[in-house]
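Enquirer:
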Amino acid sequence: MRKPGAEIGTFTTTDDTLVLASISSPVEAELVSEWLEQQRKRYPDTKIDILQLPPRNAEPAALAQLVVQLEADEDRSIVPVRVFWLPRAGASALSRVVALLPGRDPYHPNERQQRHVVRSEPSRARVVAGEPAKVSELRQQWRDLTVGENPRDFAHFVTRRAILALERAEYRILGPQYKSPRLVKPEILASARFRAGLEKIPGASLEEAGKMLDELATGWSRVSVDLVSVLGRLLSRGFDPEIDYDEYQVAAMRAALETHPAVLLFSHRSYIDGAVMPVAMQENRLPPVHVFAGINLAFGVMGPLLRRSGVIFIRRNIGDNPLYKYVLKEYVGYVVEKRFNLSWSIEGTRSRTGKMLPPKLGLMSYVADAYLDGRSDDILLQGVSISFDQLHETAEYAAYARGAEKKAEGVGWLYNFIKAQGERSYGKIYVRFPEAVSMRQYLGPAGGPTATDPAAKRLALQKMSFEVAWRILRATPVNATGLVSALLLTTHGVALTLGQLHHTLQDSLDYLERKQTPVTTSALRLRTPEGVRAAVDALSNGHPVTRVDGGREPVWRIAPEDEHAAAFYRNSVIHAFLETSIVELALAYARRAEGDRVEAFWSQAMRLRDLLKFDFYFADSASFRANLAEEMAWHADWEAHVGAGGDEIDAILYAKRPLMSDAMLRVFFEAYEIVADVLRDAPADIGEKELTQLALGVGRQYVAQGRVSSSEPVSTLLFATARQVVADQHLLEPAPDLAERRTAFRSELRSILRDFDHVAQVARKQFIAREVAARRAAR
Numbered sequence: 012m013r014k015p016g017a018e019i020g021t022f023t024t025t026d027d028t029l030v031l032a033s034i035s036s037p038v039e040a041e042l043v044s045e046w047l048e049q050q051r052k053r054y055p056d057t058k059i060d061i062l063q064l065p066p067r068n069a070e071p072a073a074l075a076q077l078v079v080q081l082e083a084d085e086d087r088s089i090v091p092v093r094v095f096w097l098p099r100a101g102a103s104a105l106s107r108v109v110a111l112l113p114g115r116d117p118y119h120p121n122e123r124q125q126r127h128v129v130r131s132e133p134s135r136a137r138v139v140a141g142e143p144a145k146v147s148e149l150r151q152q153w154r155d156l157t158v159g160e161n162p163r164d165f166a167h168f169v170t171r172r173a174i175l176a177l178e179r180a181e182y183r184i185l186g187p188q189y190k191s192p193r194l195v196k197p198e199i200l201a202s203a204r205f206r207a208g209l210e211k212i213p214g215a216s217l218e219e220a221g222k223m224l225d226e227l228a229t230g231w232s233r234v235s236v237d238l239v240s241v242l243g244r245l246l247s248r249g250f251d252p253e254i255d256y257d258e259y260q261v262a263a264m265r266a267a268l269e270t271h272p273a274v275l276l277f278s279h280r281s282y283i284d285g286a287v288m289p290v291a292m293q294e295n296r297l298p299p300v301h302v303f304a305g306i307n308l309a310f311g312v313m314g315p316l317l318r319r320s321g322v323i324f325i326r327r328n329i330g331d332n333p334l335y336k337y338v339l340k341e342y343v344g345y346v347v348e349k350r351f352n353l354s355w356s357i358e359g360t361r362s363r364t365g366k367m368l369p370p371k372l373g374l375m376s377y378v379a380d381a382y383l384d385g386r387s388d389d390i391l392l393q394g395v396s397i398s399f400d401q402l403h404e405t406a407e408y409a410a411y412a413r414g415a416e417k418k419a420e421g422v423g424w425l426y427n428f429i430k431a432q433g434e435r436s437y438g439k440i441y442v443r444f445p446e447a448v449s450m451r452q453y454l455g456p457a458g459g460p461t462a463t464d465p466a467a468k469r470l471a472l473q474k475m476s477f478e479v480a481w482r483i484l485r486a487t488p489v490n491a492t493g494l495v496s497a498l499l500l501t502t503h504g505v506a507l508t509l510g511q512l513h514h515t516l517q518d519s520l521d522y523l524e525r526k527q528t529p530v531t532t533s534a535l536r537l538r539t540p541e542g543v544r545a546a547v548d549a550l551s552n553g554h555p556v557t558r559v560d561g562g563r564e565p566v567w568r569i570a571p572e573d574e575h576a577a578a579f580y581r582n583s584v585i586h587a588f589l590e591t592s593i594v595e596l597a598l599a600y601a602r603r604a605e606g607d608r609v610e611a612f613w614s615q616a617m618r619l620r621d622l623l624k625f626d627f628y629f630a631d632s633a634s635f636r637a638n639l640a641e642e643m644a645w646h647a648d649w650e651a652h653v654g655a656g657g658d659e660i661d662a663i664l665y666a667k668r669p670l671m672s673d674a675m676l677r678v679f680f681e682a683y684e685i686v687a688d689v690l691r692d693a694p695a696d697i698g699e700k701e702l703t704q705l706a707l708g709v710g711r712q713y714v715a716q717g718r719v720s721s722s723e724p725v726s727t728l729l730f731a732t733a734r735q736v737v738a739d740q741h742l743l744e745p746a747p748d749l750a751e752r753r754t755a756f757r758s759e760l761r762s763i764l765r766d767f768d769h770v771a772q773v774a775r776k777q778f779i780a781r782e783v784a785a786r787r788a789a790r
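Counting in this note's numbering, the sequence shown runs from 12 upward without gaps.
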């Protein structure tokens, strides 16, 4: 039947053997029979019997033969065998979509299609054999891992192990990106470990736990693996189809994932992130990730489709359901133990501001439990930076900032999302994989002190998660969109020419180069006027930049109504300029301080770090101080000049390139001041919603009066962290001196804003001097 040259599986044991053959058609039976004859010729002294592998949910009668065979000889080897049907190489996107139709799955052809493949493309029909295992070994595993009590339970266990062995053999042929967990529910429900924990939950039942596992269950059908890039491209249409990777980082991560299971924690700016993750893994031939998502996204046909694409849907509110929390914890532990990779947003939700949010620890705690229980000797926390040149969602985020409510997801929402993606070009998607963090390094050995001390465990989780987030930030490349938006936002609506944009951006590029900060190709192109022109034109194609034509030359500006959208892009690059911005403000403070001005510089730098800790990630105190000392090292004998104060500090500021504090941080302190102003006559226990509404009103008044630099600080998103700041200052707690402390805090913020004004004046002098020099050079 088989044509010459067709590939077949290999036999890997010379022990007496029982072949368990998974057969679905007469064609497969013939191929397996032919393969078996070849093995018998190759090993003439080996007794080889064959039995059809019972189906997964076989009735007791169907297991009878297998039960008899397993009881016959404990030293016999069990070898599972299956015909594996390979799809045609280089299938088109259309054929991947067609493969979803009934009867068109290339991995499971019907009998007519099988005969056609055997006649015309026999190399696509391959008999594969799983790793052999002796009956005695399997029986010991069964006793150790399950609550099975009779021979039929053992036969079920052997069947599951056979299927898993075949899956491993097949993904070795296809590549690690096709690896997928199988038989999760029966494996977990049969586990002695799972049953023991279930008994400790009052009122819990195996049936209810099984329903929860059905809700969580996911996996990669091979067709969905082939299709995932098509779906990812559909959701991310409008972007350059070539995702930008760092090949050295990809190679390092590939090596790390060969050793340990991993949790891939990605930054979250867009719904597209969830589609980018599996595409990135598949394109780089990396093991697949199983992405956690809120069950609110399991609407319509999306639920079944995403489940087949590796998405694990979890309920949003589980605090009062101990059974669900237990099932979720055991599910996570099982996936980790089987060396599959999990993934979710380290921030827990999309950042609507463009900067990273604090990490969420809920799911991380379950992974830590799996490690501490000894289910893996280590687990890697692999940060993933996903960034974009532009996003259409910034319009939505701007609406949230002005007080709009989040829209519910649904079929109509999805249609509008995909439609918006195709309306214009959004540039490139950038994916970076910084060095992974070892869970063992932070939690200590499995079963160690951290396993029994909840407080120590939580502290270790916090430090570990912040380290992952810090590495994500440092790996995120600065792009042209963020730099241009930051510059134009500082002009508060005043337009700049191409020449002004170009020469002003050079200081920032010089700084990034000096600090060896990763940048995108679009940012590097800002070195040329043509690159700047391309960047501003791309941003003016659909806002937030407005191009004004009709004069002697075009000019570009950000209109007031577009400031919130532009701020999203600016915020995405603040991390690269955060410490140098604090240096500027600390210098301005030292200029007006009395006494030891060097000490004033350091104390104010630490105070600013404390006030901004809810908005940004910082290095630990010692590292932060060392980083600021390095920032100042460019100025010879800087401490002596700071100590002199006055004009000496102004000279330092004037010589500093670039001056970034006004561009990067002013709006955050303006938002803090608006909230502090609201608190002057607010009750001590004012609620979050009331505080936000009052702040919006006061903020709009400030804008109308010109008391803030722009409309950007009038934002519900910024007020949320401003509320955390005032709470951290104990300004939301009843106290005899509360009014005085609230007034003092508002005065402190106003003083800091005056420091911003001073730095901005120095920056303006720099700009004017540069303009004069440019005109002279042009003559």
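All C-beta atoms, glycine included, are put in the ideal place defined by N, C-alpha and C.
Computed from a predicted model, the values in this text were never measured in an experiment.
Would you check if the region 369-387 and the region 398-408 touch, i.e. whether three or more CB-CB distances between them fall below 8 Å?
Expert: As far as the Cβ criterion goes, the region 398-408 does not touch the region 369-387, which means the pair count is below three.
Enquirer: Check ALA774 in the structure and name its three-state DSSP category.
Expert: As a working mapping, residue 774 is identified with position 763 in the sequence shown. Looking at ALA774 - three-state DSSP - the assignment turns out to be helix.
Enquirer: Is ASP631 buried or exposed, if buried means 16 or more other CB atoms sit within 10 Å of its CB?
Expert: For the purposes of this step, residue 631 is taken as the residue at position 620 of the sequence shown. Exposed, by the Cβ-count rule.
Enquirer: In this structure, what does DSSP give as the bridge partners for PHE277?
Expert: Counting from one through the sequence shown, the residue named residue 277 turns up at place 266. PHE277 pairs with SER356, VAL395.
Enquirer: Helix, strand or coil: how does DSSP classify VAL783 here?
Expert: Counting from one through the sequence shown, the residue named residue 783 turns up at place 772. DSSP places VAL783 in helix when its eight states are reduced to three.
Enquirer: Could you say if the region 622-631 and the region 552-569 meet the contact criterion of at least three C-beta pairs nearer than 8 Å?
Expert: Output reads no: the region 552-569 does not touch the region 622-631.
Enquirer: Helix or strand or just coil, what does DSSP make of VAL138?
Expert: Taking the first residue of the sequence shown as 1, we reach residue 138 at position 127. Three-state DSSP puts VAL138 in a strand.
Enquirer: In three-state DSSP terms, what is HIS301?
Expert: As a working note, residue 301 is residue 290 in the sequence shown. HIS301 falls in the strand class under three-state DSSP.
Enquirer: Under the DSSP definition of a beta bridge, which residues are partnered with SER202?
Expert: Your numbering for residue 202 matches position 191 in the sequence shown. DSSP, once it has assigned bridges, lists THR157 as partnering SER202.
Enquirer: Ignoring anything shorter than 4 residues, give me the alpha helix (DSSP H) runs that lie fully in the region 671-699, in order along the chain.
Expert: You should have 672-675, 677-689.
Enquirer: Can you tell me whether DSSP reads VAL719 as helix, strand or coil?
Expert: Taking the first residue of the sequence shown as position 1, residue 719 is located at position 708. Reduced to three states, the DSSP call for VAL719 is coil.
Enquirer: Looking only at C-alpha atoms, which of LEU619, SER592, ALA651 sits nearest to ARG608?
Expert: Within the sequence shown, numbered from 1, the residue matching residue 608 stands at position 597. When only C-alpha atoms are compared, the closest one is ALA651.
Enquirer: Excluding sequence positions up to five away, which residues of its chain have a Cβ less than 7 Å from the Cβ of VAL543?
Expert: Taking the sequence shown and counting its residues from 1, one reaches residue 543 at position 532. The answer, listed in chain order, is LEU509, LEU512, HIS513, LEU516, LEU537.
Enquirer: Give me the residue from PRO37, LEU316, LYS58, SER36 with the minimum Cα distance to THR28.
Expert: By 1-based counting over the sequence shown, the position of residue 28 is 17. Cα-wise, what sits closest to THR28 is LYS58.
Enquirer: Excluding five sequence neighbours on each side, which residues of the same chain lie with their C-beta closer than 7 Å to the C-beta of LEU484?
Expert: As a first step, residue 484 is located in the sequence shown; it is residue number 473 there, counting from the start. Counting only Cβ-Cβ distances below 7 Å, and skipping sequence neighbours, we find MET367, HIS586, TYR628.
Enquirer: Compare the Cα-Cα distances from THR463 to each of ASP688, ASP380, LEU177 and report the closest residue.
Expert: Residue 463 sits at position 452 when you count from the first residue of the sequence shown. Of the listed residues, the one whose Cα sits closest to THR463 is ASP380.
Enquirer: Report buried or exposed for GLU681, applying the criterion of at least 16 other Cβ atoms within 10 angstroms of its Cβ.
Expert: Start at 1 with the first residue of the sequence shown, and residue 681 comes out as number 670. With 16 or more Cβ atoms within 10 Å of its Cβ, GLU681 is classed as buried.
Enquirer: Measuring alpha carbon to alpha carbon, tell me which of PRO540, ALA738, GLY656, GLU684 ends up nearest ASP696.
Expert: One-based indexing of the sequence shown puts residue 696 at position 685. Closest by alpha carbon: ALA738.
Enquirer: On a Cα-Cα basis, can you pick out the residue from ALA262, VAL322, VAL274, MET313 that is closest to ARG296?
Expert: The residue labelled residue 296 in the question sits at position 285 within the sequence shown. Checking every option, the nearest Cα to that of ARG296 belongs to ALA262.
Enquirer: Would TYR282 and PHE477 be called neighbours here (beta carbons separated by less than 8 Å)?
Expert: On the sequence shown, residue 282 is found 271 positions in, with the first residue counted as 1. On the sequence shown, residue 477 is found 466 positions in, with the first residue counted as 1. No.
Enquirer: Look at the alpha carbon of ARG668 and the alpha carbon of THR492, and state the distance between them as a whole number of angstroms.
Expert: Working through the sequence shown from its first residue, we reach residue 668 at position 657. Working through the sequence shown from its first residue, we reach residue 492 at position 481. Their Cα atoms are separated by approximately 20 Å.
Enquirer: Please report how far the alpha carbon of PHE168 lies from the alpha carbon of GLN293, in whole angstroms.
Expert: Here residue 168 is taken as the residue at index 157 of the sequence shown, counted from 1. Here residue 293 is taken as the residue at index 282 of the sequence shown, counted from 1. Answer to the nearest angstrom: the Cα atoms are 31 Å apart.
Enquirer: Suppose you measure from the CA of PHE804 to the CA of ALA578; what does that come to, to the nearest Å?
Expert: A question about residue 804 goes unanswered here, because the residues of the chain that appear run from 12 up to 790.
Enquirer: Where does SER147 sit, in a helix, a strand or coil, going by DSSP?
Expert: Translated into positions along the sequence shown, residue 147 becomes position 136. Three-state result, SER147: helix.
Enquirer: Could you spell out where the beta strand (DSSP E) holding TYR441 opens and where it closes?
Expert: Taking the sequence shown and counting its residues from 1, the one referred to as residue 441 is at position 430. Residues 440-443.
Enquirer: May I ask you to verify whether the region 36-55 touches the region 122-140, counting CB pairs closer than 8 Å and requiring at least 3?
Expert: Touching, yes, given that three or more Cβ pairs across the two stretches are closer than 8 Å.
Enquirer: Count the C-beta pairs between the region 352-367 and the region 240-249 that are closer than 8 Å, then say yes if the count reaches three, no if not.
Expert: Contact fails: fewer than three Cβ-Cβ distances are below 8 Å.
Enquirer: Please return the same chain residues whose Cβ sits closer than 6 Å to the Cβ of PHE679, not counting the five positions on each side in sequence.
Expert: Taking the first residue of the sequence shown as 1, we reach residue 679 at position 668. Excluding sequence neighbours, PHE679 sits near ASP626.
Enquirer: Could you tell me which of ALA467, GLN615, PHE303 sits nearest to ILE763, measuring between CA atoms?
Expert: Here residue 763 corresponds to residue number 752 of the sequence shown, with the count starting at 1. Comparing Cα positions, the closest option is GLN615.
Enquirer: Report the rounded CA-to-CA distance for VAL719 versus GLY433, giving the unit in angstroms.
Expert: For the purposes of this step, residue 719 is taken as the residue at position 708 of the sequence shown. For the purposes of this step, residue 433 is taken as the residue at position 422 of the sequence shown. Spanning the two alpha carbons is a distance of roughly 37 Å.
Enquirer: If the criterion is Cβ atoms closer than 8 Å, does the pair LEU670 and GLU595 meet it?
Expert: Locating residue 670 in the sequence shown gives position 659, counting from the first residue. Locating residue 595 in the sequence shown gives position 584, counting from the first residue. Contact: yes.
Enquirer: Can you find the residues in the same chain that come closer than 6 Å, C-beta to C-beta, to LYS14, ignoring five residues on each side of it along the sequence?
Expert: To locate residue 14, count along the sequence shown from 1; it is residue 3. Confidence at LYS14 is low in this model, with a pLDDT of 43, below 50, so the placement of that residue is unreliable and no value is reported for it.
Enquirer: Please report the straight-line C-alpha distance between LEU507 and MET223, rounded to a whole angstrom.
Expert: Position 496 of the sequence shown, counting from 1, holds the residue named residue 507. Position 212 of the sequence shown, counting from 1, holds the residue named residue 223. When rounded, the distance between both Cα atoms is 58 Å.
Enquirer: Please report the distance separating the alpha-carbon of ILE663 from that of ARG757.
Expert: As a working mapping, residue 663 is identified with position 652 in the sequence shown. As a working mapping, residue 757 is identified with position 746 in the sequence shown. Spanning the two alpha carbons is a distance of roughly 29 Å.
Enquirer: Could you give the DSSP three-state label for PRO460: helix, strand or coil?
Expert: Residue numbering aside, residue 460 sits at position 449 when the sequence shown is read from its first letter. Three-state result, PRO460: helix.
Enquirer: Does the distance from the C-beta atom of LEU619 to that of ILE593 stay below 8 Å?
Expert: Here residue 619 is taken as the residue at index 608 of the sequence shown, counted from 1. Here residue 593 is taken as the residue at index 582 of the sequence shown, counted from 1. Yes; because the gap between Cβ atoms is below 8 Å, this pair is in contact.
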